[in-house]
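K.L.:
Have a look at this one before I ask anything.
There are 2 protein chains.
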Amino acid sequence: MTDVNFSLSVDRPSPARPAPADVPIDMIELLFFAYRDFTSDPDAALAEFGFGRAHHRVLHFVSRNPGLRVTDLLAILSITKQSLARVLKQLVEEDYILQEPGPVDRRERLLFATERGHALALRLMRLQAERIRSALADLPQEGREAARSFLYNMIDPDQRADVAQLIGHNKDQAP
Amino acid sequence: MTDVNFSLSVDRPSPARPAPADVPIDMIELLFFAYRDFTSDPDAALAEFGFGRAHHRVLHFVSRNPGLRVTDLLAILSITKQSLARVLKQLVEEDYILQEPGPVDRRERLLFATERGHALALRLMRLQAERIRSALADLPQEGREAARSFLYNMIDPDQRADVAQLIGHNKDQAP
DNA sequence: AAATTTACGTCAGTCATATTGACTTATTTC
DNA sequence: GAAATAAGTCAATATGACTGACGTAAATTT
Numbered sequence: 001m002t003d004v005n006f007s008l009s010v011d012r013p014s015p016a017r018p019a020p021a022d023v024p025i026d027m028i029e030l031l032f033f034a035y036r037d038f039t040s041d042p043d044a045a046l047a048e049f050g051f052g053r054a055h056h057r058v059l060h061f062v063s064r065n066p067g068l069r070v071t072d073l074l075a076i077l078s079i080t081k082q083s084l085a086r087v088l089k090q091l092v093e094e095d096y097i098l099q100e101p102g103p104v105d106r107r108e109r110l111l112f113a114t115e116r117g118h119a120l121a122l123r124l125m126r127l128q129a130e131r132i133r134s135a136l137a138d139l140p141q142e143g144r145e146a147a148r149s150f151l152y153n154m155i156d157p158d159q160r161a162d163v164a165q166l167i168g169h170n171k172d173q174a175p
Numbered sequence: 176m177t178d179v180n181f182s183l184s185v186d187r188p189s190p191a192r193p194a195p196a197d198v199p200i201d202m203i204e205l206l207f208f209a210y211r212d213f214t215s216d217p218d219a220a221l222a223e224f225g226f227g228r229a230h231h232r233v234l235h236f237v238s239r240n241p242g243l244r245v246t247d248l249l250a251i252l253s254i255t256k257q258s259l260a261r262v263l264k265q266l267v268e269e270d271y272i273l274q275e276p277g278p279v280d281r282r283e284r285l286l287f288a289t290e291r292g293h294a295l296a297l298r299l300m301r302l303q304a305e306r307i308r309s310a311l312a313d314l315p316q317e318g319r320e321a322a323r324s325f326l327y328n329m330i331d332p333d334q335r336a337d338v339a340q341l342i343g344h345n346k347d348q349a350p
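So the sequences go chain by chain: A and B. For the first sequence, the working numbering assigns the number 1 to the initial residue and increments by one for each residue that follows. For the second sequence, the working numbering assigns the number 176 to the initial residue and increments by one for each residue that follows.
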């Protein structure tokens with residue numbers, strides 16, 4: 001923080017551009033702020049371990065999907081092998097993730113979270129879960145389903161099926 | 176892309192951890208995927224200009240809030256002055272943003288988008304707007320409001336009022 | 001059986017975004 | 001006049017991402 005001067009006294013002159021009526025600017029900005037704060041809790045916790053957001057993402061998906069292949073992880077995260085390398089290596093070296101050769105195809109290195117790994121993943125998940133729970137708390141059941149559908153429909157159409165499978169319980173998020 | 180091998184043949188063994196019943200894991204992951212794809216359209220467009228996501232954020236909020244102070248921008252983005260410096264400097268040098276001393280407090284440097292700046296901001300906004308519009312298309316009116324409330328409630332409680340003001344039209348996003 | 005493809009890893013170099021810490025300048029407020 | 005504020009700047013560093021090139025082992029194709 002140190003140097004940042006919080007205040008945001010937004011009593012600015014704000015003549016503001018005539019927002020083109022068809023552009024849902026509020027949703028664009030809300031998504032930005034929602035995500036900014038959504039990531040802030042785990043980021044703070046990860047700092048204790050010397051990990052960053054990239055470690056979180058890898059650990060989360062491996063913890064949730066034991067036996068994930070490296071290739072799958074790359075597709076999920078939309079990053080390159082080289083980007084993954086350092087992060088994954090650290091997680092393996094510090095005993096959060098372990099790799100096992102695939103039983104059927106031995107070229108594969110299947111990824112599993114260790115107990116340590118599951119524990120950290122769960123801790124981080126709970127932080128985000130708490131924020132989500134309270135954000136959904138006011139909403140009626142249909143509202144929660146609407147929020148869920150909205151997020152699902154924000155995903156590229158050709159990725160939705162994969163995501164739905166990954167998430168598992170493919171309940172009601174039809175296109 | 177080059178090296179990334181898309182496939183995600185998620186017919187993994189997936190014995191999966193017993194998801195603690197109170198943790199809405201699906202929402203955590205959906206938010207991740209939604210945001211990943213939400214940023215992908217503008218990222219691609221920005222690459223043409225040699226700009227990144229940071230430039231987008233700065234340009235967007237300046238375009239939407241003419242006369243914004245540097246301090247306000249730092250609070251909005253939750254970054255430090257030093258991080259902003261390079262990005263802002265580039266946007267000023269390449270004539271997307273201009274700075275004017277505050278008419279009342281001359282220490283301030285108020286930020287305005289130029290025509291060029293507004294044009295680029297609008298172009299990027301339209302990309303994101305299109306995705307949002309189609310994500311909301313299936314939903315009934317209450318569903319759209321629910322999605323909006325959900326996002327709003329994801330914001331840190333002590334930041335909500337500022338965000339609501341910034342967004343302007345404080346319609347129905349009550350706490 | 002040889003050739004090709006695939007899964008994964010790795011070396012090397014680069015870029016973008018962000019950080020901390022320290023210091024300067026101009027201006028306003030007390 | 002002193003203190004506080006808004007902004008800018010220098011320097012060093014970390015993190016997450018990229019491209020390109022190459023190696024190795026194992027599976028698949030021909």
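Just so you know, even glycine gets a beta-carbon here, dropped at the ideal spot from N, CA and C. Quick caveat: nothing in here was measured; it's all calculated off a predicted structure.
(1) Is DSSP giving A/A174 helix, strand or coil here?
(2) As an exercise, report each continuous alpha helix (DSSP H) stretch of at least 4 residues that is fully enclosed by the region 72–125 of chain A, in chain order.
(3) Look up B/L221 in the DSSP assignment and say whether it is helix, strand or coil.
(4) Relative to chain A, which residues along the region 307–330 of chain B have a C-beta separation below 9 angstroms, given in chain order?
(5) Considering only residues of the same chain and omitting the five flanking positions on each side of B/F236, which have a CB-CB separation below 7 angstroms?
(6) Terminal residues of the continuous alpha helix (DSSP H) containing A/V58?
(7) B/I342 lies in the alpha helix (DSSP H); which residues open and close that run?
(8) What does a CB cutoff of less than 7 angstroms around B/R319 pick up in its chain, not counting 5 residues either side in sequence?
(9) For the region 199–215 of chain B, which residues have a beta carbon sitting closer than 8 angstroms to at least one beta carbon of chain A?
(10) Can you tell me where the alpha helix (DSSP H) holding A/D37 begins and where it ends?
(11) With 9 angstroms as the limit, tell me which residues of the region 104–129 of chain A have their beta carbon closer than that to any beta carbon of chain B; keep them in chain order.
(12) Over what stretch of residues does the alpha helix (DSSP H) that includes A/L151 continue unbroken?
(13) Where DSSP assigns a beta bridge to A/L68, which residues make up the other side?
(14) Within 10 angstroms of the Cβ of B/S215, are there 16 or more other Cβ atoms? Answer buried if so, exposed if not.
(15) Roughly how many angstroms lie between the CA atoms of B/P278 and B/V267, to the nearest whole one?
(16) For B/F208, count the other beta carbons within 10 Å of its own beta carbon; 16 or more makes it buried, fewer makes it exposed. Which is it?
(17) With DSSP run on the structure shown, which of helix, strand or coil describes B/D313?
(18) Do you know offhand how far A/P101's Cα is from A/D43's?
(19) Touching or not, the region 102–122 of chain A and the region 288–298 of chain B, by the rule of three or more beta carbon pairs under 8 angstroms?
(20) For chain A, is any of its Cβ atoms less than 7 angstroms away from the one on B/I272?
(21) Buried or exposed for B/P332, please, with buried defined as at least 16 other CB atoms from any protein chain shown within 10 angstroms of its CB.
(22) Here's a check: name, in chain order, each residue in its chain whose Cβ is nearer than 8 angstroms to the Cβ of B/Q303, leaving out the five neighbours to either side.
(23) Distance cutoff 7 angstroms, beta carbons only. Does B/V267 sit that close to anything in chain A?
(24) As a quick exercise: from B/V245, B/I203, B/A322, B/S238, pick the residue whose alpha carbon is nearest that of B/R282.
(25) Can you say whether B/S309 is buried or exposed, counting buried as having 16 or more other CB atoms within 10 angstroms of its CB?
(26) To the nearest angstrom, how far is the alpha carbon of A/S83 from that of A/L110?
(27) Exposed or buried, what is A/E29 when buried is set at 16 or more other beta-carbons lying within 10 Å of its beta-carbon?
(28) Answer with buried or exposed for B/D337, where buried requires no fewer than 16 other C-beta atoms within 10 angstroms of its C-beta.
(29) Are the CB atoms of A/I167 and B/D280 within a distance shorter than 7 angstroms?
(30) Which same chain residues end up closer than 8 angstroms to B/Q265 when comparing Cβ atoms and leaving out the 5 residues on each side of it in sequence?
(31) B/R298: which of B/R323, B/L234, B/D313 sits nearest, CA to CA?
(32) I want to see whether chain A comes within less than 7 angstroms of B/V233, judged by CB atoms only; does it?
P.N.:
Reading from the atomic positions:
(1) Residue placement at A/A174 is poorly supported in this model, since its pLDDT is 42, which falls under 50; the coordinates are not used for a value here.
(2) Runs found: 81–93.
(3) DSSP places B/L221 within a helical segment (H, G or I) once states are collapsed to three.
(4) Listed by position along the chain: I307, R308, S309, A310, L311, A312, D313, L314, P315, E317, G318, R319, E320, A321, A322, R323, S324, F325, L326, Y327, N328, M329, I330.
(5) Only L243, L248, I251 meet the Cβ criterion.
(6) That run of the alpha helix (DSSP H) goes 53–64.
(7) According to the DSSP assignment, B/I342 belongs to the alpha helix (DSSP H) that extends over 332–342.
(8) So the qualifying residues of the chain are L311.
(9) Taking 8 angstroms as the upper bound on Cβ-Cβ separation, chain A lies near residues P199, I200, D201, M202, I203, E204, L205, L206, F207, F208, A209, Y210, R211, D212, F213, S215 of the region 199–215 of chain B.
(10) Here the alpha helix (DSSP H) through A/D37 covers 25–38.
(11) Per Cβ criterion, the list reads L110, A113, H118, A121, L122, M125, R126, Q128, A129.
(12) Note, A/L151: alpha helix (DSSP H), 141–154.
(13) Bridge partners of A/L68: A/L111.
(14) By the neighbour-count rule (16 or more Cβ atoms within 10 Å), B/S215 is not buried but exposed.
(15) C-alpha separation (whole angstroms): 20 angstroms.
(16) The residue is buried, with at least 16 neighbouring Cβ atoms inside 10 Å.
(17) B/D313 falls in the coil class under three-state DSSP.
(18) About 31 angstroms.
(19) Contact between the region 102–122 of chain A and the region 288–298 of chain B is absent: fewer than three C-beta pairs spanning the two stretches fall below 8 angstroms.
(20) Interface flag for B/I272 against chain A is unset, since no Cβ pair is found closer than 7 angstroms.
(21) B/P332 comes out exposed.
(22) Within its own chain, the residues whose Cβ lies closer than 8 angstroms to the Cβ of B/Q303, once the five positions on either side in sequence are excluded, are F213, D216, P217, listed in chain order.
(23) So no, B/V267 is outside the interface.
(24) Looking at the Cα atoms, B/V245 is the closest of the given residues.
(25) Flag for B/S309 reads exposed.
(26) Taking the straight line from one Cα to the other gives about 18 angstroms.
(27) Of the residues assessed, A/E29 falls on the buried side of the cut-off, its CB having 16 or more other CB atoms within 10 angstroms.
(28) With 16 or more neighbouring CB atoms inside 10 Å of its own CB, B/D337 falls in the buried class.
(29) Between B/D280 and A/I167, the C-beta gap is not smaller than 7 angstroms, which leaves the two residues out of contact.
(30) A distance below 8 angstroms between beta-carbons, with the five flanking residues on each side excluded, links B/Q265 to the following residues of its chain, in chain order: F226, H230.
(31) The shortest C-alpha to C-alpha distance from B/R298 to any of B/R323, B/L234, B/D313 is the one to B/L234.
(32) Residue-level contact check: B/V233 does not touch chain A, since none of the beta carbons of chain A fall below 7 angstroms from its beta carbon.
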